[in-house]
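Oh and the sequence shown: position 157 is 157 in the UniProt record's numbering, straight run, nothing missing. We put the CB at the ideal spot given by N, CA and C, even for glycine.
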Amino acid sequence: MTIETTHAGSLPRTPELITANAERPLEADGITPVTTDEFAETLRDAVASVVQRQKDIGISIPGDGEYGKDMSTGVNYGSWWSYIFGRTAGLEITGEDHRHSEPKRSEPGRIRLTSFPDRRDWVRFADAYNDPESGITVGGQKVFPAATSAIGYTDLGREFAATDTRNFRSALDAAGYDQGFLSSLSPGSGARIADDHYGDEDAFIEAWVQVMREEYRAIADSGLLLQIDDPSIAENWDQINPEPTIEDYLAFTQKRVDAINRALEGIPQEQVRFHLCWGSWHGPHTTDIEFRHIAELMLQINAKYFSFEAGNVRHEHEWVVWKDIELPADRVIMPGVVSHATNVVEHPELVAQRLRRFADIVGPERVIGSSDCGFGGRIHPDIAWAKLESLTEGAAIASRG
Numbered sequence: 001m002t003i004e005t006t007h008a009g010s011l012p013r014t015p016e017l018i019t020a021n022a023e024r025p026l027e028a029d030g031i032t033p034v035t036t037d038e039f040a041e042t043l044r045d046a047v048a049s050v051v052q053r054q055k056d057i058g059i060s061i062p063g064d065g066e067y068g069k070d071m072s073t074g075v076n077y078g079s080w081w082s083y084i085f086g087r088t089a090g091l092e093i094t095g096e097d098h099r100h101s102e103p104k105r106s107e108p109g110r111i112r113l114t115s116f117p118d119r120r121d122w123v124r125f126a127d128a129y130n131d132p133e134s135g136i137t138v139g140g141q142k143v144f145p146a147a148t149s150a151i152g153y154t155d156l157g158r159e160f161a162a163t164d165t166r167n168f169r170s171a172l173d174a175a176g177y178d179q180g181f182l183s184s185l186s187p188g189s190g191a192r193i194a195d196d197h198y199g200d201e202d203a204f205i206e207a208w209v210q211v212m213r214e215e216y217r218a219i220a221d222s223g224l225l226l227q228i229d230d231p232s233i234a235e236n237w238d239q240i241n242p243e244p245t246i247e248d249y250l251a252f253t254q255k256r257v258d259a260i261n262r263a264l265e266g267i268p269q270e271q272v273r274f275h276l277c278w279g280s281w282h283g284p285h286t287t288d289i290e291f292r293h294i295a296e297l298m299l300q301i302n303a304k305y306f307s308f309e310a311g312n313v314r315h316e317h318e319w320v321v322w323k324d325i326e327l328p329a330d331r332v333i334m335p336g337v338v339s340h341a342t343n344v345v346e347h348p349e350l351v352a353q354r355l356r357r358f359a360d361i362v363g364p365e366r367v368i369g370s371s372d373c374g375f376g377g378r379i380h381p382d383i384a385w386a387k388l389e390s391l392t393e394g395a396a397i398a399s400r401g
């Protein structure tokens with residue numbers, strides 16, 4: 001039985017794409033960049049190149065590297081979530097930095113997210129997080145928009161989504177692939193920006209359900225696999241103070257899971273992947289919620305494929321969860337067996353050992369080797385590609401038994 005391979009989504013951008021993206025001016029909203037014919041050609045060529053490179057090293061189920069997200073927003077280059085800001089009406093750069101707003105305190109039965117710097121891990125290791133020599137990186141996003149009126153998916157968003165699917169489908173055909181995946185934001189993650197309009201958590205999440213449903217349908221209708229990216233399912237835990245009970249957190253998170261399923265209505269389960277991680281910044285992560293508390297909740301999502309971190313040292317031990325949780329017969333797991341969290345390239349034999357752990361529990365036909373999270377911007381491009389090569393080599397070793 002051959003164990004297939006894939007990855008979590010983001011791949012290193014080419015220098016040409018980085019330069020072309022940086023040189024584009026922004027529209028008057030300060031969020032949406034102008035797309036020229038020259039940039040469109042650069043993007044198309046870059047997608048074709050990244051898909052062919054995945055083919056050359058033996059990745060079974062490729063992605064577009066999230067390259068198309070670079071044409072959607074000027075707020076932050078290539079962000080897994082900020083791309084949606086340029087596709088959504090009703091958002092505005094207000095001048096307020098909501099990362100550093102006054103922390104909101106949670107109460108039993110009434111969970112509220114605090115500010116970003118109030119994360120428990122960041123507070124515990126404040127000196128390290130504020131030390132540029134510590135090796136900790138938490139991303140470069142400096143500006144967040146707020147919802148200042150009713151939000152909705154825009155015509156420009158539809159154009160961007162159509163470009164994503166068109167470029168990727170063309171690249172897949174050229175490389176000889178039958179299938180690949182495009183990633184898209186979850187409603188719950190979108191709803192983490194400031195709400196200056198709805199004034200109600202449930203209403204704001206539902207508004208994001210309506211926004212994301214359009215993008216989900218666009219990807220699914222093109223025949224591609226749709227990947228829902230939602231680190232907030234796990235990551236929100238660290239952004240709630242004081243630490244909540246597991247029961248309260250699961251109730252809080254259930255709303256986000258239900259929102260994903262509402263947005264997925266009408267899309268076949270076998271066409272959907274779901275990616276969970278713990279935020280994936282380079283830091284201690286000592287206050288991550290344990291996977292065992294949220295794994296069954298994750299499996300409620302109407303997806304066939306489930307991606308999660310299993311290679312970095314904070315979560316590798318959690319492969320044993322699958323000894324206690326029965327994986328439904330129609331589901332497939334995509335454990336991360338190479339990590340974005342270290343520059344050390346995993347040996348193929350280690351990759352094979354990690355894959356065999358899962359295969360011995362659920363069967364090799366229900367395991368696809370993946371990366372913990374995206375590689376774009378987190379490690380040097382040469383190292384990222386070396387890790388994917390090790391992934392395919394390790395999967396080949398594991399497949400031989």
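In three-state terms, what does DSSP make of residue i?
i	result
F274	strand
Q227	strand
A310	coil
P33	strand
S184	strand
E41	helix
E92	strand
G86	helix
E159	helix
T392	helix
L172	helix
Y153	strand
A398	helix
G63	strand
R262	helix
Would you tell me roughly how many angstroms separate the C-alpha atoms of residue i and residue j, rounded to the nearest one?
i	j	result
S307	I289	17 Å
H293	T253	11 Å
I111	E235	14 Å
F168	V47	7 Å
P268	G135	42 Å
A22	I325	46 Å
R105	G190	21 Å
W319	E38	46 Å
G63	F125	35 Å
M334	Y305	7 Å
I240	T114	6 Å
R256	K387	32 Å
R354	P364	12 Å
A203	P231	21 Å
H340	E316	13 Å
W278	F358	20 Å
Going along the chain, which residues of its own chain have a beta-carbon closer than 6 Å to the beta-carbon of residue i, five neighbours each way excluded?
i	result
W80	D229
G152	A89
H7	S370 and S371
Starting from the C-beta of residue i, find all residues in its chain whose C-beta is less than 8 Å away, skip the five residues before and the five after it, and write them out in chain order.
i	result
V351	V337, V338, G369, S390, L391, E393, G394, A395, I397 and A398
T165	L182, A218, I219, S222 and L224
T148	G90, L91, E92, T94, D196 and H197
L17	T42, L43, A46, Y67 and D70
W281	I136, T137, V138 and G139
M298	I233, V257, F274, L276, F306 and F308
Measuring only between beta-carbons, confirm whether residue i sits less than 8 Å from chain D.
i	result
Q271	Looking for chain D here will not work: only one protein chain is present.
Among residues of its own chain, excluding the 5 on either side of residue i, which ones have a beta-carbon nearer than 7 Å to its beta-carbon?
i	result
Q271	A220, L225 and L226
V362	W322, L327 and I333
residue 404	An answer regarding residue 404 cannot be provided, because it is not within the stretch 1 to 401 covered by the chain.
> Pairing CB atoms from the region 301-319 with CB atoms from the region 359-379, are three or more of them under 8 Å?
Replying inline: yes
>> Extract the residue ranges of the beta strand (DSSP E) inside the region 313-373, only unbroken runs of 3 or more that lie entirely within it.
In response: Within the region 313-373, the complete beta strand (DSSP E) segments of 3 residues or longer fall at 332-338 and 368-371, listed in chain order.
> With contact counted as at least three CB pairs below 8 Å, one residue from each stretch, are the region 167-180 and the region 47-58 in contact?
Replying inline: yes
> Touch check for the region 343-350 and the region 241-251: three-plus C-beta pairs under 8 Å?
Replying inline: Not touching, per the Cβ criterion.
>> Check whether the region 321-333 and the region 377-389 touch, using three or more Cβ-Cβ pairs below 8 Å as the test.
In response: No, they do not touch.
> Hey, is the region 256-269 in contact with the region 206-224, meaning 3+ C-beta pairs nearer than 8 Å?
Replying inline: yes
>> Assess contact between the region 183-192 and the region 118-138, defined as three or more Cβ pairs (one per stretch) separated by less than 8 Å. Is contact present?
In response: no
> Could you give the uninterrupted runs of the beta strand (DSSP E) lying entirely in the region 197-259, keeping only those of 3 residues or more?
Replying inline: 225-229
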